[in-house]
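As given, the protein sequences belong to chains A and B, one line each in that order.
Per this note's numbering, the first sequence starts with residue 6, numbered consecutively.
Per this note's numbering, the second sequence starts with residue 729, numbered consecutively.
Glycine included, C-beta positions come from ideal geometry on N, C-alpha and C.
For reference, the structure discussed in these notes is given below.
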Amino acid sequence: MNKAKKIYNWFDSKSAIFALAILIVFASIAFSSRNFFSFPSLMNLARKGASDGGFLALGMTFVILIGQIDLSVGSVLALSGVVMGMLGNQNPLLGIVAGLAVGLVCGFVNGLMVAKMRISSWIATLAMMLGIRGAVLLISNQKPVSISNPVLQMIGNKTFAGFHILAILLVLLTLVCMYISRNTRLGMALYAVGGNEEAAKMMGLKVVRIKIAAFTLCGLFASIAGILLAARLYTAQPNAGNSWETTAIAMCALGGVKLSGGEGKFSGTFFGIFIITVINTIFNYAGSLNTWWQNVVMGALVLISIGVQSEVFRSHKKKRKGEEAC
Amino acid sequence: MNSAARNKEDVIVMMKQYSAFILLALMLLLNLFITPNFFRMGTLWNIISQTCTIILTGMGMTMVISTGGIDISVGAVMALGGVISGMMLDKIGLIPAILLAIAVCCLSGALAGFMIGKLKVQAMVVTLALLMGIRGVAQLMNDGKIFYIEGELAESYKLLGSAKIAGVVPVQLIPIVISVAVTWFILEKTILGRHIQAVGDNPRSSMLAGINTAKTLMFVYVYSAAFAAIAGVFASAKIGAADGNSLGLLAELDAIAAVAVGGTSMSGGRAKVFGTVVGALIMQLINITVNMNNITYEYAQIFKAIIIVFAVYLQREKAS
Chain A
6 MNKAKKIYNW FDSKSAIFAL AILIVFASIA FSSRNFFSFP SLMNLARKGA
56 SDGGFLALGM TFVILIGQID LSVGSVLALS GVVMGMLGNQ NPLLGIVAGL
106 AVGLVCGFVN GLMVAKMRIS SWIATLAMML GIRGAVLLIS NQKPVSISNP
156 VLQMIGNKTF AGFHILAILL VLLTLVCMYI SRNTRLGMAL YAVGGNEEAA
206 KMMGLKVVRI KIAAFTLCGL FASIAGILLA ARLYTAQPNA GNSWETTAIA
256 MCALGGVKLS GGEGKFSGTF FGIFIITVIN TIFNYAGSLN TWWQNVVMGA
306 LVLISIGVQS EVFRSHKKKR KGEEAC
Chain B
729 MNSAARNKED VIVMMKQYSA FILLALMLLL NLFITPNFFR MGTLWNIISQ
779 TCTIILTGMG MTMVISTGGI DISVGAVMAL GGVISGMMLD KIGLIPAILL
829 AIAVCCLSGA LAGFMIGKLK VQAMVVTLAL LMGIRGVAQL MNDGKIFYIE
879 GELAESYKLL GSAKIAGVVP VQLIPIVISV AVTWFILEKT ILGRHIQAVG
929 DNPRSSMLAG INTAKTLMFV YVYSAAFAAI AGVFASAKIG AADGNSLGLL
979 AELDAIAAVA VGGTSMSGGR AKVFGTVVGA LIMQLINITV NMNNITYEYA
1029 QIFKAIIIVF AVYLQREKAS
């Protein structure tokens, strides 16, 4: 009985890792000729995970932890990429700083609207998504901005001893986020606000500031994603990141981050990023598989994983615990 | 207390209560001055025919949001509905094809309702997964290609998008009126409607009061999916083609914005059917204003964003 419980607990907390393991095994069996487990292809996977919305998912986790949502990340990604491209070709440092500033400002405005003006985060960030996308199309004149500066090109494509810079950054930033969420006051406060806002307020936490901080961090991560994506592709597309917010949310959900807030880990999001990337890679490798199946499989996987993590199953667990106590 | 102060407070309260209507009136007034040829019947018919999908999806969304949930799969469900009805048209006939489309989409709504009501998963994740999955299915139906509606029955199908009642009124008025009437009736005049808003207000206490929350939520999500399917049918009939990739893309956001601008509380418990209609009209009016004045699309989006935030900001105190 005890053993069964242990195994069950393991499943419950590590379901994301488990799903990832199944997927990787499946992929390696299905495409063994492609050397799925070789170092270059794993590195490729990490690089793809980073550039296909991984950073967005990390930022989104901050916002989801406080029980809100940010739909504007895709648009912010495009705006900061374009701003960086326009300013960075002469002066790369200026471009990067401006790009990051764009993300910070957008996130801050989101936070103000949600925390100060008390507009539902759905509506506030939806409006931001429309407005920022409009702004990107305006300032770029709907044309992609090419990035010719070698420093910027390096940022998106350099490899260190075989480790791609995007993969390194993804791991590093995940570690930073894990540190913030576990060991800082802000991290604790995020969980407190997400778990029970009223209680957090009564405990004396400055809920408004914490919310603004979470949205600002989310905007910052979106701009990091935009800068790196533009740098990797040598162009900043005004349409970049269109509807990537759903991918980012799905990565968080698959990683076990509870969308009603207050529960979830950045390590979970990290594995969520990889689950989605592995699915994408499987479909890219297998040319014969219809690419439209990708969406169906992804949707089904999210449904199954949240179904397994749902409260009905959890309450079974609690019941079993209660019986044992008797 | 002097009565003047109280009057002033009353006016502010009233302003807030009818802020959506006032905004609509302001938009109309603005158009009177800046838009040439605005006050013609043609503009009205135009608005009616274009606002149909927002109102249909908005009606379902009003119900879903008043239970405290959200349904972001409506755009994908629209695509599925349009593609199914378009493709099955020649095989089984007009009415059966539409009914089949609605039935299949109801299955998606039932799945959402089951997971949200029974398994108690957050509405957002479930409908997000459905958004991806259903969109994928809609694309798969015709291998990701646009399906052009052709064949014997194509003309009668396209009439759903282009017919005019008595020669002038667009046919889209019929689904608009029916959907608004049915939704209003259910929410305001039936026990089910009370249950829906009670669940949104406080799911736990409504369960303790003996309301079958799972059943109520199931109904709400099936209702939303059914209306999304009908919206998909009308949208594809209007274009004369069904595209699994782009039909109903971002329709969920328009619907949510219409509901929020209309004054329905995003945290549930309070549904405003006519508010949603006004919200949908405002959204469409923005588009029309922009089109008729040759303002570029990019400015339109910024404009839209500001109006949404402004409208919701005006109503926020009542909502909290």
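Identify whether residue i lies in helix, strand or coil by the three-state DSSP scheme.
i, result
"residue 735/B", "helix"
"residue 965/B", "helix"
"residue 970/B", "strand"
"residue 151/A", "strand"
"residue 1002/B", "helix"
"residue 128/A", "helix"
"residue 350/A", "Since the first and last residues shown for chain A are 6 and 331, residue 350/A lies out of range."
"residue 906/B", "helix"
"residue 892/B", "strand"
"residue 874/B", "strand"
"residue 764/B", "coil"
"residue 897/B", "strand"
"residue 189/A", "coil"
"residue 795/B", "coil"
"residue 918/B", "coil"
"residue 1024/B", "coil"
"residue 992/B", "coil"
Going by Cα to Cα distance, which pick from the options is closest to residue i?
i, options, result
"residue 836/B", "825/B, 870/B, 857/B, 895/B", "857/B"
"residue 347/A", "108/A, 148/A, 272/A", "Look at the range of chain A in this structure, 6 to 331, and you will see that residue 347/A is not part of it."
"residue 936/B", "743/B, 923/B, 829/B, 1007/B", "923/B"
"residue 101/A", "297/A, 230/A, 310/A", "230/A"
"residue 1011/B", "979/B, 815/B, 931/B", "979/B"
"residue 1049/B", "911/B, 975/B, 964/B", "Since the first residue of chain B shown is 729 and the last is 1048, residue 1049/B is not available in this structure."
"residue 899/B", "774/B, 793/B, 754/B, 758/B", "774/B"
"residue 28/A", "312/A, 97/A, 277/A", "277/A"
"residue 944/B", "813/B, 791/B, 1021/B", "791/B"
"residue 247/A", "82/A, 106/A, 115/A", "82/A"
"residue 755/B", "1035/B, 1043/B, 1040/B, 1042/B", "1035/B"
"residue 865/B", "54/A, 303/A, 290/A, 311/A", "303/A"
"residue 211/A", "283/A, 153/A, 71/A, 46/A", "71/A"
"residue 873/B", "741/B, 971/B, 1000/B", "971/B"
"residue 98/A", "121/A, 151/A, 232/A, 169/A", "232/A"
"residue 242/A", "96/A, 43/A, 84/A", "84/A"
"residue 953/B", "767/B, 765/B, 1021/B, 830/B", "830/B"
"residue 1052/B", "998/B, 777/B, 737/B, 816/B", "Residue 1052/B lies beyond the range of chain B shown here (729 to 1048); nothing can be said about it."
"residue 949/B", "839/B, 822/B, 862/B, 742/B", "839/B"
"residue 238/A", "284/A, 127/A, 149/A", "149/A"
Closest Cβ-Cβ distance between residue i and chain A: below 8 Å?
i, result
"residue 945/B", "no"
"residue 1040/B", "yes"
"residue 1026/B", "yes"
"residue 789/B", "no"
"residue 863/B", "yes"
"residue 782/B", "no"
"residue 805/B", "no"
"residue 776/B", "no"
"residue 1012/B", "no"
"residue 752/B", "no"
"residue 1032/B", "yes"
Between residue i and residue j, which are expected to be in contact by the criterion C-beta below 8 Å, what is the C-beta distance as a whole number of angstroms?
i, j, result
"residue 914/B", "residue 901/B", "Not really, about 21 Å apart at Cβ, beyond 8 Å."
"residue 828/B", "residue 820/B", "7 Å"
"residue 1006/B", "residue 748/B", "4 Å"
"residue 977/B", "residue 788/B", "Contact doesn't hold; Cβ gap of about 17 Å is too wide."
"residue 962/B", "residue 889/B", "6 Å"
Does chain B have any CB closer than 8 Å to the CB of residue i?
i, result
"residue 281/A", "no"
"residue 242/A", "no"
"residue 132/A", "yes"
"residue 73/A", "no"
"residue 125/A", "yes"
"residue 300/A", "yes"
"residue 258/A", "yes"
"residue 265/A", "yes"
"residue 235/A", "no"
"residue 138/A", "yes"
Does residue i come within less than 8 Å of chain E when only Cβ atoms are used?
i, result
"residue 307/A", "Absent here is chain E; the protein component of the structure consists of chains A and B."
At a cut of 8 Å, does the segment 203-218 of chain A reach the segment 89-98 of chain A through at least three beta carbon pairs?
no
Counting Cβ pairs, one atom from each stretch, are 3 or more of them under 8 Å apart for the segment 108-126 of chain A and the segment 161-175 of chain A?
no
Inter-stretch contact (C-beta, 8 Å, three-pair minimum) for the segment 251-268 of chain A and the segment 127-141 of chain A
no
Counting pairs of beta carbons, one from the segment 843-855 of chain B and one from the segment 982-995 of chain B, are three or more of them closer than 8 Å?
no
Touching or not, the segment 48-63 of chain A and the segment 120-131 of chain A, by the rule of three or more beta carbon pairs under 8 Å?
no
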